[in-house]
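A.B. asks: The sequence shown runs -20 to -1, 1 to 135 under mature numbering (1 follows the signal peptide of the UniProt record, and there is no 0). Cβ atoms here follow ideal geometry from the backbone N, Cα and C, with glycine treated the same way.
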Amino acid sequence: MKYLKLLIVLFVSMTFSAFAMSSNPNFTPQQTVINFISDYEQWNEEATQNLSEDTGFQAKDEYIKLLNKYCTQSTSRIGYDVYGQYSLHIADGEKILSTTKNGQEVIIKTEVSSRFGDTAADMDYFEYHLVLDKNKYLIEEVYQLSKSGKKTKTL
């Protein structure tokens, strides 16, 4: 009887732990950015495909779902109509350069080969600003960085 109680307690605690882990993935800021880049590229691909074939894909609605998954809530989001042959973010090409913690904010800088550069050495740079919200890192904003250092919002 004593062993049966122990097995039940062990089973219940393992089941609860497994459920808690699957329902609340605690990704690192870097993993959040990597996952966002991949999903963003997929969104761009599907939105672009819908231009040539009426697939029923609603670019703006799907963009909002993407932002709701990875980003803090904001009413001033842009970018749902910025898609085309060349995705702004590319999963196999965009690489993390640095991660900096600045108070409660984490800033991740990335680079990707420029699709519009004159040489193969031309790069596009992005800066992801993330905050921790309810044990989950969320993207607050993504900036594209110009060669002069100017930041342009992309979300």
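Using only the alpha-carbon positions, how far apart do HIS109 and THR80 sit?
C.D. replies: 10 Å
A.B. asks: Measuring CB to CB, does THR28 end up less than 8 Å from GLN65?
C.D. replies: yes
A.B. asks: For ASN6, which residues in the same chain have their Cβ closer than 8 Å to its Cβ, ignoring the five residues on either side in sequence?
C.D. replies: ASN115 and LYS116
A.B. asks: Which residue comes first and which comes last in the beta strand (DSSP E) that contains GLU91?
C.D. replies: Following the DSSP letters along the chain, one finds GLU91 inside the beta strand (DSSP E) bounded by residues 85 to 93.
A.B. asks: Pull up the distance between the alpha-carbon of TYR105 and that of GLN124, whole angstroms please.
C.D. replies: 6 Å
A.B. asks: When DSSP labels each residue in this structure, what does GLU33 get in the three-state scheme?
C.D. replies: coil
A.B. asks: On the criterion of 16 or more Cβ atoms from any shown chain inside 10 Å, does THR12 qualify as buried, or is it exposed?
C.D. replies: buried
A.B. asks: Going by Cα to Cα distance, which pick from LEU112, LEU118, LYS130 and ARG95 is closest to PHE16?
C.D. replies: Proximity to PHE16 across LEU112, LEU118, LYS130 and ARG95 peaks at LEU118, based on C-alpha coordinates.
A.B. asks: Is it right to say LEU112 is buried, meaning 16 or more other beta carbons lie within 10 angstroms of its own, or is it exposed?
C.D. replies: exposed
A.B. asks: Taking just the CA atoms, how far does ALA71 sit from MET1?
C.D. replies: The pLDDT assigned to MET1 is 37, lower than 50, so where the model puts this residue is not dependable; a value taken from the coordinates is nonetheless given after this. Distance between the alpha carbons of MET1 and ALA71 is about 25 Å.
A.B. asks: Using CA atoms only, rank isn't needed, just tell me which of GLU26, GLN53, GLY73 and TYR43 is closest to THR35.
C.D. replies: GLU26
A.B. asks: State yes or no: is the C-beta of VAL10 within less than 8 Å of the C-beta of ILE87?
C.D. replies: The question names Val, yet the displayed sequence has Gln at residue 10. No, the pair does not count as a contact, with Cβ atoms beyond the cut-off.
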